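Trainee: Last residue of the sequence shown: 159 (the working numbering), numbering continuous. For every residue, glycine included, the Cβ atom is placed at its ideal position computed from N, Cα and C. The structure displayed is predicted, hence computed values, not measured ones.
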Amino acid sequence: MAKIPFKPQQQAVIDCKDKNQLVSASAGSGKTTIMIQKIINMITIDKISIKNILVLTYTKASAEEMKQKLVSAIYEEVKTDPNLTSQIDEVLVADISTIHSFFQKLITKPIFHWFKRICFVHRKRFINNKVQVYRLCSL
21 MAKIPFKPQQ QAVIDCKDKN QLVSASAGSG KTTIMIQKII NMITIDKISI KNILVLTYTK
81 ASAEEMKQKL VSAIYEEVKT DPNLTSQIDE VLVADISTIH SFFQKLITKP IFHWFKRICF
141 VHRKRFINNK VQVYRLCSL
């Protein structure tokens, strides 16, 4: 992703960790750009797989836009870190969706699917010996 200078409030959102965040701003103010940069940092710096990140939006169009921009940003990062190539494929199955479609999937998937994912995340965090919780919301 092109390195652009962010305003102090935007950089604060990107840098904030271990807190719930609500990003509310007018149209065209850079919410999607900030979220993409935050996700890229989580993937590259914190080494968190995109499949372990939940991104919720209000519209299908914004969820698709988010996926497209995320793939483009990962392609840029792959130039300096080829190990990120697998993350491109994982964007297609990542939990980047509307609030409604995420909860629809939540109530219709067999319960063992969610336990398997929870156990995997728990095991990974236990091995790394640290707990990190990230929540992102797009308004």
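Quick check on residue 115: does DSSP put it in helix, strand or coil?
Mentor: Note: residue 115 maps to strand in three-state DSSP.
Trainee: Any idea what DSSP makes of residue 126, helix, strand or coil?
Mentor: In the structure shown, residue 126 sits in a helix (DSSP, three-state: H, G or I).
Trainee: Kindly list the residues whose CB is nearer than 8 Å to the CB of residue 54, restricted to its own chain and excluding five residues on each side of it in sequence; keep chain order.
Mentor: Counting only Cβ-Cβ distances below 8 Å, and skipping sequence neighbours, we find 26, 30, 33, 34, 43.
Trainee: Using a Cβ distance threshold of 8 Å, determine whether the region 73-81 contacts the region 91-105, with at least three qualifying pairs required.
Mentor: No, the region 73-81 is not in contact with the region 91-105.
Trainee: Taking residue 52 as part of the alpha helix (DSSP H), name the residues at either end of that continuous run.
Mentor: First-last of the alpha helix (DSSP H) with residue 52: 51-64.
Trainee: What does the Cβ neighbour count give for residue 57, buried or exposed, with the cut at 16 atoms within 10 Å?
Mentor: Residue 57 comes out buried.
Trainee: Exposed or buried, which one is residue 112 when buried takes at least 16 other CB atoms within 10 Å?
Mentor: Exposed, since its Cβ has fewer than 16 Cβ neighbours within 10 Å.
Trainee: Using a Cβ-Cβ cutoff of less than 6 Å, which residues in the same chain neighbour residue 119 once the five nearest sequence positions on both sides are dropped?
Mentor: Here the set comprises 76.
Trainee: Span of the alpha helix (DSSP H) holding residue 75?
Mentor: Not the alpha helix (DSSP H): residue 75 falls in the beta strand (DSSP E), residues 74-77.
Trainee: Note down, in chain order, each residue of its chain lying with its Cβ closer than 8 Å to the Cβ of residue 95, except the 5 sequence neighbours on either side.
Mentor: Within the same chain, residue 95 has close Cβ partners 108.
Trainee: Please report how far the alpha carbon of residue 52 lies from the alpha carbon of residue 97, in whole angstroms.
Mentor: Distance between the alpha carbons of residue 52 and residue 97 is about 18 Å.
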